[in-house]
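Throughout, this note's numbering is defined as the position within the sequence shown, counted from one, plus 388. Heads up, the beta-carbon is just placed ideally off N, CA and C, and yes, glycines get one too.
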Amino acid sequence: MRSSDFKTILITGASSGIGLELARVCAEKGHDLVLIGRHAGRLKDAATELAAHGVKVHTIRKDLSEPEAADAVLKELTRKKISVDALVNNAGFGDHGAFEKSDWEKVSMMIMTNVHALTHLTRLVLPSMRAHGRGIIVNIGSTAGLQPGPYMAVYYATKAFVNHFSEALDYELRGSGIRVTCILPGATSSGFQEAASLNGSLIDRLAKLATSRQVAEFTYAKMMAGRRFAIHGVFNRILAFSLRLTPRFLVTFMAAKINGEGS
Ligand SMILES: NC(=O)c1ccc[n+]([C@@H]2O[C@H](COP(=O)([O-])OP(=O)(O)OC[C@H]3O[C@@H](n4cnc5c(N)ncnc54)[C@H](OP(=O)(O)O)[C@@H]3O)[C@@H](O)[C@H]2O)c1
Numbered sequence: 389m390r391s392s393d394f395k396t397i398l399i400t401g402a403s404s405g406i407g408l409e410l411a412r413v414c415a416e417k418g419h420d421l422v423l424i425g426r427h428a429g430r431l432k433d434a435a436t437e438l439a440a441h442g443v444k445v446h447t448i449r450k451d452l453s454e455p456e457a458a459d460a461v462l463k464e465l466t467r468k469k470i471s472v473d474a475l476v477n478n479a480g481f482g483d484h485g486a487f488e489k490s491d492w493e494k495v496s497m498m499i500m501t502n503v504h505a506l507t508h509l510t511r512l513v514l515p516s517m518r519a520h521g522r523g524i525i526v527n528i529g530s531t532a533g534l535q536p537g538p539y540m541a542v543y544y545a546t547k548a549f550v551n552h553f554s555e556a557l558d559y560e561l562r563g564s565g566i567r568v569t570c571i572l573p574g575a576t577s578s579g580f581q582e583a584a585s586l587n588g589s590l591i592d593r594l595a596k597l598a599t600s601r602q603v604a605e606f607t608y609a610k611m612m613a614g615r616r617f618a619i620h621g622v623f624n625r626i627l628a629f630s631l632r633l634t635p636r637f638l639v640t641f642m643a644a645k646i647n648g649e650g651s
């Protein structure tokens, strides 16, 4: 795939962490950008910084947990006459703690953002990509989606959805010129830890976190190489392989311990 064929890239959750770093990488490579997030100020700062690379940067402030968010984004793209060549579904967040005691509003917003908005946006950009005979859809999944995750149960399950949906859709779109790339970061330093109430938890203390920049560079390389599924980091790849060989109850037990059970 030639990166020059994919001039305009839309990135959700581009106001911090992996999304912001990916926007930086894309701007450095000469792509025009559409940045989506909830915080107008952060988006504006990012747009000002990235425009210095001589690329066009549009921002759309939108809370993707709203049921009609994807429709509103498409409407805005149409109004601005922007055709998206690559969609990066990156926006997402987690929640740490026992499901029974969880804040339902936060859980519901997580499912809407991580699953509903990602799926709906993908559905809405496909007709135009199909008409052009090419396109890239990048979904940011997670190594968390490779197993059940007690004490982050819903987050792990949303990422299992993302991982499986992406692979299945890539299969359905074979021969269309549209590729779906699912990226699985492991623990990465970003705003994620605070948003998921993970600061100071066992995983936060034990894991050697990748930087958002490392994951962003990896994501750009894999999406432009047309890869279907890519796990970031050698340690995470070994871990992912070992999960296949380990009994499910043990995998679940280990995830519970990593997520802080008993600590
Ligand atoms: N960090 C990790 O350890 C890790 C590991 C594996 C996968 N991931 C995945 O990587 C992706 C990026 O996360 P990150 O680590 O970069 O965390 P982050 O720094 O907290 O960034 C999350 C981004 O998502 C946006 N966002 C969250 N809720 C939103 C909503 N309702 N509507 C619109 N935008 C929303 C945030 O923007 P606003 O706050 O401005 O809305 C922010 O730009 C997520 O899908 C996450 O699940 C992270």
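Report back the beta-carbon spacing between residue 421 and residue 411 to the nearest angstrom; my notes put them in contact at under 8 Å. Within the sequence shown, residue 421 is the residue found at index 33, counting from 1. Within the sequence shown, residue 411 is the residue found at index 23, counting from 1. At roughly 6 Å, the Cβ-Cβ gap stays under 8 Å, so residue 421 and residue 411 are in contact.
Chain-order list of residues whose beta-carbon lies under 6 Å from that of residue 415 (same chain, five-residue window excluded): Working through the sequence shown from its first residue, we reach residue 415 at position 27. Excluding positions up to five away in sequence, the list reads 438, 441 and 443.
Which one of 447, 540, 482 and 622 has the shortest CA to CA distance from residue 398? Within the sequence shown, numbered from 1, the residue matching residue 398 stands at position 10. Ranking 447, 540, 482 and 622 by Cα distance to residue 398 puts 447 first.
Looking only at its chain, what residues have a beta carbon closer than 8 Å to the beta carbon of residue 393, apart from the 5 residues adjacent to it on each side? Working through the sequence shown from its first residue, we reach residue 393 at position 5. Taken in chain order, the residues that qualify are 473 and 522.
Have a look at residue 628 and residue 455 and give me their C-alpha separation to the nearest angstrom. Here the question's residue 628 lines up with position 240 in the sequence shown. Here the question's residue 455 lines up with position 67 in the sequence shown. Between residue 628 and residue 455, the C-alpha separation is close to 33 Å.
So within the segment 434-516, which uninterrupted beta strand (DSSP E) runs reach at least 3 residues, ignoring any that extend past its ends? 445-449 and 474-477
Ligand 1 and residue 406: does the residue's C-beta get closer than 6 Å to at least one heavy atom of that ligand? Position 18 of the sequence shown, counted from the first residue, corresponds to residue 406. True, at least one ligand heavy atom lies under 6 Å from that Cβ.
So residue 620 packs on residue 571, CB below 8 Å; how close in whole Å? Position 232 of the sequence shown, counted from the first residue, corresponds to residue 620. Position 183 of the sequence shown, counted from the first residue, corresponds to residue 571. With 8 Å as the limit, residue 620 and residue 571 qualify as a contact, their Cβ atoms being about 7 Å apart.
Would you check if the distance between the CB atom of residue 567 and the CB atom of residue 614 is smaller than 7 Å? Translated into the one-based positions of the sequence shown, residue 567 becomes position 179. Translated into the one-based positions of the sequence shown, residue 614 becomes position 226. Against a cut-off of 7 Å, the Cβ pair of residue 614 and residue 567 comes out as a contact.
So, does the segment 535-551 touch the segment 480-496, judging by three or more C-beta pairs under 8 Å? yes
In its own chain, which residues sit with a C-beta less than 6 Å from the C-beta of residue 389, not counting the 5 before and 5 after it? Locating residue 389 in the sequence shown gives position 1, counting from the first residue. Same-chain partners within the cutoff: 612 and 614.
Could you give the DSSP three-state label for residue 578: helix, strand or coil? In the sequence shown, counting from the first residue as 1, residue 578 sits at position 190. Of the three classes helix, strand and coil, the one that applies to residue 578 here is coil, per DSSP.
Exposed unless 16 or more other CB atoms sit within 10 angstroms - verdict on residue 630: Here residue 630 refers to the residue found at position 242 when the sequence shown is read from its first residue. Exposed, since its Cβ has fewer than 16 Cβ neighbours within 10 Å.
Suppose you measure from the CA of residue 507 to the CA of residue 632; what does that come to, to the nearest Å? In the sequence shown, counting from the first residue as 1, residue 507 sits at position 119. In the sequence shown, counting from the first residue as 1, residue 632 sits at position 244. Looking at the two C-alpha atoms, the distance is approximately 27 Å.
Closest to residue 645 by C-alpha separation, out of 578, 584 and 538, would be which residue? Taking the sequence shown and counting its residues from 1, one reaches residue 645 at position 257. The shortest Cα separation from residue 645 among 578, 584 and 538 belongs to 538.
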